[in-house]
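Participant: Sending over a structure as structure tokens; questions will come in a sec.
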Amino acid sequence: MGMSMETLAQGGLGFTAAKKPGFSFEKVYGKKKEDKNKAGKKKKYAYNPREISGELLRASKASSAAVVMVKAKEKVAVLEQALSSGAYEEAAVRRALVHAKKMVECSKMKVLHLKEEEQMAVKHQRERQGRDIKKKAGIQRKLARKEQELRQKIALEESHDVLWEKTRRQELMQKKKNNRREELEKITDAELKYLESQMREGGGDSFSDFSGVSVELSGGTMEMGEIAMSGDASGFAVPVGTAVDVCV
Numbered sequence: 048m049g050m051s052m053e054t055l056a057q058g059g060l061g062f063t064a065a066k067k068p069g070f071s072f073e074k075v076y077g078k079k080k081e082d083k084n085k086a087g088k089k090k091k092y093a094y095n096p097r098e099i100s101g102e103l104l105r106a107s108k109a110s111s112a113a114v115v116m117v118k119a120k121e122k123v124a125v126l127e128q129a130l131s132s133g134a135y136e137e138a139a140v141r142r143a144l145v146h147a148k149k150m151v152e153c154s155k156m157k158v159l160h161l162k163e164e165e166q167m168a169v170k171h172q173r174e175r176q177g178r179d180i181k182k183k184a185g186i187q188r189k190l191a192r193k194e195q196e197l198r199q200k201i202a203l204e205e206s207h208d209v210l211w212e213k214t215r216r217q218e219l220m221q222k223k224k225n226n227r228r229e230e231l232e233k234i235t236d237a238e239l240k241y242l243e244s245q246m247r248e249g250g251g252d253s254f255s256d257f258s259g260v261s262v263e264l265s266g267g268t269m270e271m272g273e274i275a276m277s278g279d280a281s282g283f284a285v286p287v288g289t290a291v292d293v294c295v
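In this note's numbering, the protein residues as written are 48 to 295.
Structure (structure tokens):
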């Protein structure tokens, strides 16, 4: 057959085998052992525990936290597949799976909390708007009341001004009337004394110079004939029909 037989001793037992050119039992058994080691060695699973937690901490709205929760659930599904495949180190995958499931729980909590906060913020906003509306309505009522009070005050002040003007006009009219009366009395006294003196000295028709003269007092006219005046003890009297003009 062109092949030589070689007796090998292994484990105290002898057997023969055909040996091909370049054949080596060491190489054959070494390769099988290497393949067995490769088959028994599992791959490491690359897992970043801060990936989900970082996004979850940065989430400030319920919607963004819900997105992180979906990612965490997807991460759990991927890890479960990796665990069932048997291609990765089981302990490492299980650690990652536990962490990923906790991230799902944390994300659910974050979504719930953010929803509560957002609902509370909306409630506070509505309450604030209601308070603002009431405040504005109260201010408007106060302004309307103040405006009414101001109008009443202005009307009262105007009535006081009108009364003051009327009173001052009456005072002025009374003052003028009193002054004109005083002036008339003094003028009449001077004229009568002048006439009396002239008649005593024989000055003729002493009333000719005063004919048609009338005395006006407060819108009325007084004829000299209406004024009976006594000159001296002899009983001097002003003749009727004589008038003196005194404008007041």
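In this text, a Cβ means the ideal position worked out from N, Cα and C, and glycines have one as well.
Just so we're clear, the structure is a prediction, and the values are computed from it rather than from any experiment.
#1: Do serine 154 and alanine 184 come within 7 Å of each other at the CB atom, strictly closer than that value?
#2: Could you give the first and the last residue of the continuous alpha helix (DSSP H) run that contains glycine 177?
#3: Exposed or buried, valine 222, counting other C-beta atoms within 10 Å across all chains shown (16 or more means buried)?
#4: Whether or not the stretch 129 to 145 and the stretch 181 to 200 are in contact is what I'm after, with contact meaning three or more pairs of Cβ atoms, one per stretch, closer than 8 Å; do they touch?
#5: Taking lysine 122 as part of the alpha helix (DSSP H), name the residues at either end of that continuous run.
#6: Do you know whose CA, among Ile99, Ala124, Leu126, lies nearest alanine 113's CA?
#7: Take lysine 89 as the anchor and find which of Ser131, Met116, Ser107 has the nearest alpha-carbon.
#8: On the DSSP bridge assignment, give the partners of lysine 88 in chain order.
#9: Can you tell me which of Val151, Val117, Tyr94 puts its alpha carbon nearest to the alpha carbon of alanine 129?
#10: Nearest-angstrom Cα distance between glutamine 166 and glycine 101?
#11: Among Ser111, Val115, Ala134, whose alpha-carbon lies nearest the alpha-carbon of tyrosine 92?
#12: With leucine 126 and alanine 147 assumed to form a contact (beta carbons below 8 Å), what rounded beta-carbon distance in angstroms separates them?
#13: Methionine 116 to arginine 192, Cα distance in whole Å?
Facilitator: According to the structure data:
#1: no
#2: 137 to 247
#3: Before going on, a small fix: residue 222 reads as lysine here, not valine. It counts as exposed.
#4: no
#5: 109 to 132
#6: Ile99
#7: Ser131
#8: Note: lysine 88 sits in no beta bridge, so no partner.
#9: Tyr94
#10: 25 Å
#11: Ala134
#12: 6 Å
#13: 58 Å
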